[in-house]
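>
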Amino acid sequence: MKQKQKRYEMCFTGSGGQGVILCSTILAEAAFLAGKMVAQSQSYGPQARGGLCRAELIIDEERIIYPKVTSAGFLLALTQASLDRLRIGMAEDALIIIDSSMHEPDDPGSCSVAALPILQTASETVGKIMTANIVAVGAVNALLGIAPDDLLEQAVLMRVPRGTEQVNLLALNEGRKMGAAAHSMIYP
Amino acid sequence: MTERRRMLLQGNEAVVEGALAAGMRFFAGYPITPSTEIAERCALRLPQVGGRFIQMEDELAGIAAVIGASVVGVKAMTATSGPGFSLMQENIGYAALAEIPCVIVDVQRAGPSTGLPTSPSQGDYMQARWGTHGDHPVIVISPSSVQEAYIETIRSFNLSERLRVPVILLMDEIIGHLYEGIELPDADEVEILDRLTKDDPRQAELPYDIVPGELAPRMTPFGQGVFYNITGLIHDDRGFPTSSPEIADRQCRRIMKKIDLNSGQIGRYEELYMEDAGVCVVSFGGAARSAQAAVEAAHRDGYRVGFFRPVTVWPFPEEAFYEICGRVSDVIVAELNYGQMKLEAERIAAGRCRVRHIGKVDGTILGPEEIYKEIQEAAG
Chain D
1 MKQKQKRYEM CFTGSGGQGV ILCSTILAEA AFLAGKMVAQ SQSYGPQARG
51 GLCRAELIID EERIIYPKVT SAGFLLALTQ ASLDRLRIGM AEDALIIIDS
101 SMHEPDDPGS CSVAALPILQ TASETVGKIM TANIVAVGAV NALLGIAPDD
151 LLEQAVLMRV PRGTEQVNLL ALNEGRKMGA AAHSMIYP
Chain V
1001 MTERRRMLLQ GNEAVVEGAL AAGMRFFAGY PITPSTEIAE RCALRLPQVG
1051 GRFIQMEDEL AGIAAVIGAS VVGVKAMTAT SGPGFSLMQE NIGYAALAEI
1101 PCVIVDVQRA GPSTGLPTSP SQGDYMQARW GTHGDHPVIV ISPSSVQEAY
1151 IETIRSFNLS ERLRVPVILL MDEIIGHLYE GIELPDADEV EILDRLTKDD
1201 PRQAELPYDI VPGELAPRMT PFGQGVFYNI TGLIHDDRGF PTSSPEIADR
1251 QCRRIMKKID LNSGQIGRYE ELYMEDAGVC VVSFGGAARS AQAAVEAAHR
1301 DGYRVGFFRP VTVWPFPEEA FYEICGRVSD VIVAELNYGQ MKLEAERIAA
1351 GRCRVRHIGK VDGTILGPEE IYKEIQEAAG
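Line by line, the protein sequences give chains D and V.
Under the working numbering, the first residue of the first sequence is numbered 1, with each subsequent residue one higher.
Under the working numbering, the first residue of the second sequence is numbered 1001, with each subsequent residue one higher.
#1: For residue 92(D), collect the residues of the same chain with a Cβ closer than 6 Å to its Cβ; drop the 5 residues on either side in sequence, then sort them by chain order.
#2: Expressed to the nearest angstrom, what Euclidean distance is found between the alpha-carbon atoms of residue 1231(V) and residue 1305(V)?
#3: Over the uninterrupted alpha helix (DSSP H) stretch that includes residue 183(D), give me the two end residues.
#4: For residue 1378(V) and residue 107(D), what's the separation of their Cα atoms in angstroms?
#5: Closest by CA to residue 1332(V), which one among 1311(V), 1290(V) and 1244(V)?
#6: Classify residue 184(D) as buried or exposed, calling it buried when 16 or more other Cβ atoms lie within 10 Å of its own Cβ.
#7: State the CB to CB distance for the pair residue 1017(V) and residue 1179(V), rounded to an integer number of angstroms; the pair is presumed to be in contact (CB under 8 Å).
#8: Taking the alpha-carbon positions, what's the residue 1108(V) to residue 1353(V) distance?
#9: How many angstroms separate the CA atom of residue 1049(V) from the CA atom of residue 1020(V)?
#10: Would you report the Cα separation of residue 1212(V) and residue 1218(V), rounded to the nearest angstrom?
#11: I'd like the list of long-range same chain contacts for residue 1205(V), defined as Cβ closer than 8 Å, with 5 residues on each side in sequence excluded.
#12: Determine the extent of the beta strand (DSSP E) in which residue 8(D) is found, giving its start and end residues.
#13: Give the DSSP bridge partners of residue 1130(V), in chain order.
#14: What's the C-alpha gap between residue 1093(V) and residue 1322(V)?
#15: Go through its chain and collect everything with a Cβ distance to residue 1067(V)'s Cβ below 7 Å, but skip five positions before and after it.
#16: For my contact list, residue 96(D) and residue 69(D) are in at a C-beta cut-off of 8 Å; report their separation, rounded to the angstrom.
#17: Identify the contact partners of residue 1117(V) in chain D, using a Cβ-Cβ distance below 7 Å as the criterion.
#18: In terms of alpha-carbon separation, which member of 1294(V), 1236(V) and 1129(V) lies closest to residue 1210(V)?
#19: Using a C-beta to C-beta distance shorter than 8 Å, which residues of chain V count as neighbours of residue 65(D)?
#20: Would you kindly work out how many angstroms separate the C-alpha atoms of residue 1160(V) and residue 1175(V), rounded to a whole number?
#21: Can you find a C-beta in chain V that's less than 9 Å from the C-beta of residue 43(D)?
#22: Looking at the unbroken alpha helix (DSSP H) that takes in residue 1026(V), where does it start and where does it end?
#23: In whole angstroms, what separates the C-alpha of residue 1134(V) from that of residue 1252(V)?
#24: Note the first and the last residue of the continuous beta strand (DSSP E) segment covering residue 1359(V).
#25: Identify the contact partners of residue 1133(V) in chain D, using a Cβ-Cβ distance below 7 Å as the criterion.
#26: Within 10 angstroms of the Cβ of residue 8(D), are there 16 or more other Cβ atoms? Answer buried if so, exposed if not.
#27: Please go through the same chain and pick out, in chain order, the residues whose beta-carbon is closer than 6 Å to the beta-carbon of residue 1002(V), but skip the five residues on each side of it.
#28: In this structure, does DSSP put residue 1144(V) in helix, strand or coil?
#29: May I ask you to report which of helix, strand or coil DSSP gives residue 1273(V)?
#30: Across the region 1038-1049 of chain V and the region 1115-1134 of chain V, are there enough close Cβ pairs to call them in contact, namely three or more that are closer than 8 Å?
#31: Pick helix, strand or coil for residue 1192(V), following the three-state DSSP scheme.
#32: Taking the alpha helix (DSSP H) that residue 34(D) falls in, what are its first and last residues?
#33: State yes or no: is the C-beta of residue 1156(V) within less than 9 Å of the C-beta of residue 1022(V)?
#34: Apart from the five residues on each side of it in sequence, which residues of its chain come closer than 7 Å, Cβ to Cβ, to residue 1163(V)?
#35: Based on Cα-Cα distance, which residue from 147(D), 135(D), 76(D) and 79(D) lies nearest to residue 160(D)?
#36: So, does the CB of residue 1080(V) fall closer than 9 Å to a CB anywhere in chain D?
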């Protein structure tokens, strides 16, 4: 998936409670603030924690009619189970970001796969595993260039619980650095 | 000119913002997936505007409290999903007969029973019309986008207040949980209608004595010094029970005519590429997004196919659809149920065109390609 595209079809998956839905909502908010059309949706099971959950996000410059992803150009997976059980159509040049704790897919086809230490950065560098989703927000935006940094920051502040702003901005910054470092590997 | 407020909202959140713009100041309900965000946002927003939010012990109590609030003159709403909607049916009939304005949001999920709590469905289409017993009037509106959820919630309140009927906002999980950008119109761009009352206090004691030329009663809210009765029994002008066949007949016919004679104002639909279409795809609510995508793709590929989307789903926009059925060869009804709106389409088509059906009941959204395939078959 190239940077600064006209249309993005993105999928985010993980375990309930990791915040992958919020991760996609913040990216949706940032793209919306940047003047784009967005459609974000999610699917999850009846349990509040631990079940598989996934979010879908479409960002476009034109009106979005069908609001679900048909051919994902980007996938973020934070747990092995959620990646293994994901059933979604992927674009040929899709970019798949997995957490470093996971196994790379056996047959990624023509997709590029990058493993990033998202969970480890959240728990060790930021000091709170709960911020993994915000680390991911920073990394994804650094890789894809969805929204300018100031709007992304604004989107994070709009959507995180009050009192957690500082730790989440720290997480966002760590994610950005991680994404920027991975950028030259993925787009040589 | 001030710049309009743009916001990224979930469909459920847009319903609350629309309700507040319409003047809703009371919400009572019992949270249930996929409608919970409505209760959550009402709990947050109502106290900010001087309104009241109560989480009740169950859905029966939720709608009962809403009717009570409306009786004292407050615009009131509740929200639920399939299982809770079933529990509300008895009091929806009460509101229809006693003519108490209220808005009931049903964010549909896959049923029957507790079904698939987090999955989309449109299986409450018939229940929304005929869920409560007896001949009764009701208006059912089904939005297809977050922007429309906002606008149609305002319209639901307007229709409910003016016609004194329960209005059901028939949402589904697709639109309820979808985040999209919306533009909030300025206050002076939105028409807000309030219920009418009688000026003469002696006349006000006859709440069901209808002003000539009107169909809905003008009722002075309880608590303003006017004494009358409200009941779910057939009642006279003062609201007291009667078994007079004449009054029963007059009352039943009048409350049904509130809808029949105002169908032009109540009915709303959208058409696309219907001018020279030979095939018409009919769909509503969240499923209509898949249908429209399929129709646009087929149209680009040269098929003579159009799209008809009822926004008001009960009463069905009959006149416009009747005319379409007379000039197309095929109608394709695409919905997330076993075939409910299809029955209404068949009734109106009355054999003048072929009615095909795509009804998905596996708890997933229709893919545009599924509808595209049917368009190809219909176009031969």
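Every residue, glycine too, gets a C-beta built ideally from N, C-alpha and C.
Bear in mind the structure is a predicted one, so any value in this text is a computation, not a measurement.
According to the structure shown:
#1: 110
#2: 50 Å
#3: 165-186
#4: 40 Å
#5: 1290(V)
#6: exposed
#7: Actually they do not touch by this definition, with Cβ atoms about 14 Å apart.
#8: 30 Å
#9: Rounded to whole angstroms, the separation of the alpha carbons of residue 1020(V) and residue 1049(V) is 9 Å.
#10: 11 Å
#11: 1226, 1227, 1228 and 1238
#12: 8-15
#13: Under DSSP, residue 1130(V) takes part in no beta bridge, so it has no partner.
#14: 29 Å
#15: 1091, 1094, 1095, 1100 and 1102
#16: No, residue 96(D) and residue 69(D) are not in contact; Cβ-Cβ is about 14 Å, not under 8 Å.
#17: Near residue 1117(V) (Cβ distances below 7 Å), the residues of chain D are 46.
#18: For residue 1210(V), the closest of 1294(V), 1236(V) and 1129(V) by C-alpha to C-alpha distance is 1236(V).
#19: Residues of chain V whose Cβ lies closer than 8 Å to the Cβ of residue 65(D) are, in chain order, 1289, 1292, 1293 and 1296.
#20: Spanning the two alpha carbons is a distance of roughly 22 Å.
#21: yes
#22: Counting along the chain, residue 1026(V) falls outside any alpha helix (DSSP H), though it belongs to the beta strand (DSSP E) covering 1026-1029.
#23: 10 Å
#24: 1354-1359
#25: Close partners of residue 1133(V) in chain D (Cβ separation under 7 Å) are lacking, with about 31 Å as the shortest Cβ gap.
#26: buried
#27: Confidence at residue 1002(V) is low in this model, with a pLDDT of 46, below 50, so the placement of that residue is unreliable and no value is reported for it.
#28: coil
#29: coil
#30: Counting Cβ pairs under 8 Å, fewer than three are found: no touch.
#31: Residue 1192(V) carries a coil assignment under DSSP once its states are collapsed to helix, strand and coil.
#32: Looking at the DSSP string, residue 34(D) is not in any alpha helix (DSSP H), and its letter there is neither H nor E.
#33: When the beta-carbon positions are compared, residue 1156(V) and residue 1022(V) come within less than 9 Å of each other.
#34: 1216, 1258 and 1262
#35: 135(D)
#36: no
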